[in-house]
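Structure record follows, encoded as structure tokens.
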Amino acid sequence: MTTNKPVLLSGIQPSGQLCLGNYIGAIKNWVGLQNDYDGIFLVVDLHALTVKQKPSELRNRCLSFLAQYIACGIDPGSNLLVIQSHVHQHTELAWVLSTLAYMGELNRMTQFKDKSTKHQENINAGLFTYPVLMAADILLYQADLVPVGADQKQHLELARDLAQRFNQRYSDTFVVPEPFIPKQGARIMSLQSPESKMSKSDTNENNFIALLDPPDTIRKKIKRAVTDSFTDIQYDEENRPGLANLLVMYAEVAGMEIKQVVQQFENKCYEVLKSELAEVIIELLKPVQSEYHRVIQDKKYLSDILSNGAENASYRARKTISKVYRKIGLVPRVQ
Ligand code: AQP
Numbered sequence: 005m006t007t008n009k010p011v012l013l014s015g016i017q018p019s020g021q022l023c024l025g026n027y028i029g030a031i032k033n034w035v036g037l038q039n040d041y042d043g044i045f046l047v048v049d050l051h052a053l054t055v056k057q058k059p060s061e062l063r064n065r066c067l068s069f070l071a072q073y074i075a076c077g078i079d080p081g082s083n084l085l086v087i088q089s090h091v092h093q094h095t096e097l098a099w100v101l102s103t104l105a106y107m108g109e110l111n112r113m114t115q116f117k118d119k120s121t122k123h124q125e126n127i128n129a130g131l132f133t134y135p136v137l138m139a140a141d142i143l144l145y146q147a148d149l150v151p152v153g154a155d156q157k158q159h160l161e162l163a164r165d166l167a168q169r170f171n172q173r174y175s176d177t178f179v180v181p182e183p184f185i186p187k188q189g190a191r192i193m194s195l196q197s198p199e200s201k202m203s204k205s206d207t208n209e210n211n212f213i214a215l216l217d218p219p220d221t222i223r224k225k226i227k228r229a230v231t232d233s234f235t236d237i238q239y240d241e242e243n244r245p246g247l248a249n250l251l252v253m254y255a256e257v258a259g260m261e262i263k264q265v266v267q268q269f270e271n272k273c274y275e276v277l278k279s280e281l282a283e284v285i286i287e288l289l290k291p292v293q294s295e296y297h298r299v300i301q302d303k304k305y306l307s308d309i310l311s312n313g314a315e316n317a318s319y320r321a322r323k324t325i326s327k328v329y330r331k332i333g334l335v336p337r338v339q
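Each residue of the sequence shown is one higher than the last, beginning at 5 in the numbering used here.
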């Protein structure tokens, strides 16, 4: 499956539970852009290994994430859905790119700093070289556009730098990808600690809304979300981050501008905002959850999608890696 459309690529690592932050910052935009692009959506399982995983859970989670992509509206008929480890060229290209990436630039990555603080017992080399593998994911498919949340901006800049560095050293080979970071909702914050971002593998489940959370759990989590001791509804990200986060979530889920949401809740109390927010999230997730429960049962359907994805993606990946190997001076294998 190749088209004349520009290539759109994005992925999520199968760690934790897909959450509203991932939906608003990434998946929602994949769905919105998919018709205008040749889309490749990855479940980046090799990335997930940078944090300790239980093998059986990881295996199930890969299929569950795939089914959730589809349930959120990604059309498997017109996009490739791929598990990263099914295409071995990701790691091959990552190795080549790691010889172009400088220790200094990897040292500056804030996600490495955050994750090594969170996982002090397991600061592995993969965590450090994670952004190089991510650059390989993107450059392997000559992606034009990469929709991500704001936390991935720095990694994407590295992918662009590595593409440019390779192109300068060995002649034009890679498309230099453009980021697509939404203007609103690029950084949904944790419900209990609104100064940190909402993360799908947060050990405190009250910090995030999972896409598969039942309605009552959503109501409880939103009700408990931290706000402040003011009483009026104003958008002030710096001084009232908890309330600002609820307003952004409402705007994103209801398809509104933040100022419209502020107007709608003017003179109302936090309880009203919270209870209406919970209901719009439940409405958003109702069809997603019912489609998910249908799709996840159909193992044959999912495995056909993955086999088609792996086959088509491998074809493209082979083209890129053989070009790369030739340009850097490796002897081609005799067929
Ligand atoms: N809070 C967020 N707001 C907006 N966008 C977000 N994304 C993640 N959190 C938010 C975007 O979702 C995609 C997830 O990619 P990932 O799993 O590969 O990386 P991540 O950024 O490490 O995501 P999480 O949710 O924080 O996962 P864990 O907790 O497992 O590490 C990316 O496009 C990201 O920008």
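Cβ coordinates follow ideal geometry from the N, Cα and C atoms, glycine included.
Between the Cα of residue 139 and those of 75, 48 and 121, spot the shortest distance and give me the residue it belongs to.
48
Under the assumption that residue 148 contacts residue 179 (Cβ atoms under 8 Å), give the Cβ distance between them as a whole number of angstroms.
6 Å
What is the rounded straight-line gap between the Cα of residue 110 and the Cα of residue 53?
18 Å
How is the alpha helix (DSSP H) around residue 220 delimited, first residue to last?
219 to 228
Could you check where the beta strand (DSSP E) with residue 61 kicks off and where it finishes?
No beta strand (DSSP E) contains residue 61, which is instead part of the alpha helix (DSSP H) from 59 to 76.
Near residue 292, what residues of its chain come up, given a Cβ to Cβ distance below 7 Å and the 5 sequence neighbours on each side ignored?
75, 76 and 215
Indicate the three-state DSSP secondary structure (helix, strand or coil) for residue 25 in the structure shown.
helix
Please list, in chain order, all residues of the same chain as residue 94 whose beta carbon is under 8 Å from its beta carbon, the five residues on each side excluded.
For residue 94, where only same-chain residues beyond five positions count, the Cβ hits under 8 Å are 50, 88, 137, 140, 141, 144 and 321.
In or out: residue 72 buried (at least 16 other Cβ within 10 Å) or exposed?
buried
If you run the structure through DSSP and keep just helix, strand and coil, what is residue 43?
strand
Runs of alpha helix (DSSP H) lying entirely within the region 119 to 190, each at least 4 residues, in chain order
129 to 144 and 157 to 174
Using a Cβ-based criterion (distance less than 8 Å to any ligand heavy atom), does residue 294 qualify as near the ligand AQP?
Distances taken from the Cβ of residue 294 to the heavy atoms of the ligand AQP include none shorter than 8 Å.
Residues near residue 262 in its chain [Cβ-Cβ closer than 6 Å; skip 5 each side]:
239, 251 and 255
C-alpha gap between residue 264 and residue 37, whole angstroms
24 Å
Can you tell me whether DSSP reads residue 201 as helix, strand or coil?
strand
Go ahead and pull the three-state DSSP assignment for residue 326.
helix
Beta carbon of residue 23: closer than 8 Å to some heavy atom of the ligand ADP?
Absence of the ligand ADP from the depicted structure is noted, with the ligand AQP being the only ligands included.
Straight-line CA distance for residue 30 to residue 288?
16 Å
Looking at residue 25 and residue 212, is the spacing between their C-beta atoms short of 9 Å?
Yes, Cβ-Cβ distance for residue 212 and residue 25 is below 9 Å.
Taking DSSP as the reference, what is the three-state secondary structure of residue 104?
coil
When you compare only the Cα positions, how much space is there between residue 325 and residue 174?
14 Å
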